[in-house]
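Reading the sequence shown from the start, the letters are residues -19 to -1, 1 to 490 in mature numbering (1 follows the signal peptide of the UniProt record, and there is no 0).
Note that beta-carbon positions come from the ideal geometry of N, C-alpha and C, so glycine has one too.
Heads up: the structure comes next, in structure tokens.
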Amino acid sequence: MKTVVYFLFFNWCVVFSNSAKVMILTQNLNSHVLDTIKLGLLLADESHEVDLILPSTAKIPDSIKERNITVLTAMVNRTVTEVHIEERSKQLLDYVMSKSTIGKMITFMQILTTGDPGWDAMCSSLLSDAKIRDYINATNYDVVIVDVLIMKCYVQMMGHRNIPIIVYGILVYEWSYHIPSLPSFVPMLLTNFDDRMSFFQRFQNSLLYALCQILFTSVIPNPPVSITEISQKYSLYFALNDISSEYPRPTMPNVIFVGDAIPEPGNPLPRDLAEFVDGAKHGVIYVSFGTYLRRLPTILTDKLCATFKQIPQRVIWKQEDLTLCGIDPDKLLISKWLPQNDLLSHHNVKLFVTHCGKNSLLESTYHSTPVIGFPIAIDQPLNAKLIANRGLGYVMDLGDFSADELTSKIADLLANETILYNVRRASFVMRNKTDTPSKRISFWVEHMATYGGSHLRTNSELNIFQFYCLDVVLFIMFLILLIIISNIFCIRLIFRCLKRRLWSKPKID
């Protein structure tokens, strides 16, 4: 009996010693909030004590209450957030529907330069909320996990404290975190290139890489937090990427891919949804264009509705307007919110029509669901290119397609054995790892809490010229040029001397 007691006590001590006090801070963006909640649940299930800081607009699931998780809410004006989503939706639609290249460029620059009031509101709330600030300052955290899009705000708020920081999100702003992103075969986030670029594409990719770094470092006059400060603060990067949905690329020891933590085995569907899906004789097609395209213009909804009328499958559509199409409710189900991961896990959901967001790509890959992608902007064109490149589905232009074309693509894809094999293979690649996402994430959190991350982080004080040895290349080119010029000068000098000797007339006495 004593042996059993000692054994149980020993195990309790091990669990207790490995648990960490973790704070997770996210941005005021729905998909990021969902990722943060998922991360918090995974860590809580691994016996860590978790504090989540979420915007007041976030929908907090019941599963949070069942774990060792404390939720702090930063007050964010819901009206400001909703108005911004509507404005951003209009900008994105203008970008997609524009037939002019110059028009697209102008619209895209407006998107980049207008900022995000919802994000600003989250940061302002964190900096001004005395209750949250006092709670954070009074808590001894072992590790802090920060959304990549709110890192500047965190450095302003808690940069003075010596706590290991883990950044999480898709790989973005690599130059500020000094993660290798070679433009010769690593396509930039805003492009639709793959890892085998032509000369002109490599030129565009390199130019965009340089422009993004210049914009990122100079667009804000007198920023409260410099890029150097940010890059020196973080220790580890949890990248929401996965080898199944990412081109091979160089990284650093402190970049850990955790994209497979986003999808998960599906839960049972709500009763009404389950009846609709189970009763579909020819299967179900799920349609969602993400948070920012909740309402589509009539010209697009008419095309989609015409397609849904032609196909034999039932359709589930995430959309704000519940009165669209006028199709029999037994054929079309429209809802403002849907459990996407659970739907994609259902065996009767045959196809996913998506905007190609990162979470959508990860979930469709995990559940072996082929896709038809309508990319909009930011990382979506790059994700769509990968879908086409890997044979996981088809890619179409939201601003230039017909109902007949979409109908034909759906029929062709569902009968395409090669694509169906490719999605099953990609799912196997994502799932077949030596560890689970929760164990991987927990291990690195414990590692950071115990040892810190200075031994994993590269020198963050190098500028872009030093980081890529461009200064060395320029110096070598200068030396080569100097040698060439010196040789030319010497040859010309020798030639002149020979000329004087050979062609000069002998002097007559």
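- Scanning its chain for C-beta atoms nearer than 8 Å, with the 5 sequence neighbours on each side dropped, one finds around asparagine 329 the residues Val258, Asp259, Ala261, Gly264 and Val265, in chain order.
- Taking a contact as a CB-CB distance under 8 Å, the pair serine 187 and proline 164 counts as one, their CB atoms being some 4 Å apart.
- Annotated three-state conformation of lysine 312 is coil, per DSSP.
- For valine 454, the enclosing alpha helix (DSSP H) begins and ends at 451 to 484.
- Here leucine 305 is not near isoleucine 297, since their CB atoms are 8 Å or more apart.
- If you keep only unbroken beta strand (DSSP E) runs of at least 3 residues inside the region 312 to 374, you get 313 to 316, 330 to 335 and 352 to 354.
- Glutamate 155 counts as buried, since no fewer than 16 other beta carbons sit within 10 angstroms of its beta carbon.
- Tyrosine 375 counts as buried, since at least 16 other C-beta atoms from the protein chains shown sit within 10 angstroms of its C-beta.
- Here alanine 220 really is in contact with isoleucine 151; their C-beta atoms are around 7 Å apart, less than 8 Å.
- Partner residues in a beta bridge of serine 28, as assigned by DSSP, do not exist.
- Between glycine 247 and serine 12, the C-beta gap is not smaller than 8 Å, which leaves the two residues out of contact.
- Isoleucine 237 and leucine 217 do touch by the CB rule: their CB atoms are close to 7 Å apart, below 8 Å.
- Under the three-state reduction of DSSP, leucine 53 is assigned to strand.
- Per DSSP, the beta bridge partners of tryptophan 298 are Val268 and Ile315.
- Comparing C-alpha distances from arginine 406 to each of His436, Leu373 and Cys450 shows the shortest one belongs to Leu373.
- Under the DSSP assignment, valine 136 falls in the alpha helix (DSSP H) whose first and last residues are 132 to 139.
- Linking leucine 303 to leucine 250 through their CA atoms gives a straight-line distance of about 20 Å.
- Sequence-distant partners of proline 356 (beyond 5 residues in either direction) whose C-beta falls short of 6 Å from its own C-beta, in its chain, are Cys337, Pro362 and Ala365.
- In this chain, valine 167 is not harboured by any alpha helix (DSSP H), its DSSP state being neither H nor E.
- Pairing valine 3 with aspartate 123 gives a Cβ-Cβ distance under 8 Å.
- For tyrosine 215, the enclosing beta strand (DSSP E) stretches over residues 215 to 220.
- Going by DSSP, isoleucine 160 is part of no alpha helix (DSSP H) at all; its letter is neither H nor E.
- Uninterrupted beta strand (DSSP E) stretches at least 3 residues long and entirely within the region 224 to 267 occur at 236 to 238, given in chain order.
- In the three-state DSSP reduction, proline 145 falls in the coil class, being neither helix nor strand.
- Asparagine 235 sits close to arginine 438, with the two beta carbons spaced by under 8 Å.
- The DSSP-derived three-state label of methionine 411 is helix.
- The three-state secondary structure of proline 418, taken from DSSP, is helix.
- Taking 8 Å as the upper bound for CB-CB distance, methionine 411 and aspartate 175 are not in contact here, some 19 Å apart.
- Distance from the CA of glycine 434 to the CA of lysine 312, rounded to the nearest whole angstrom, comes to 54 Å.
- In the structure shown, glycine 150 adopts extended strand secondary structure according to DSSP, grouped into three states.
- Boundaries for lysine 40: no alpha helix (DSSP H) harbours it, and the DSSP string shows neither H nor E there.
- Taking every protein chain shown into account, the CB of leucine 483 has fewer than 16 other CB atoms within 10 angstroms, so this residue is exposed.
- Relative to valine 148, the option among Asp223, Val454, Leu20 and Ile359 whose CA is nearest is Leu20.
- When the Cα atoms are used, asparagine 413 and tyrosine 347 turn out to be separated by approximately 11 Å.
- Taking the Cα positions, methionine 103 is about 42 Å away from lysine 390.
- Across the set Asp323, Tyr273, Val57 and Tyr432, the C-alpha of Asp323 shows the shortest separation from the C-alpha of serine 345.
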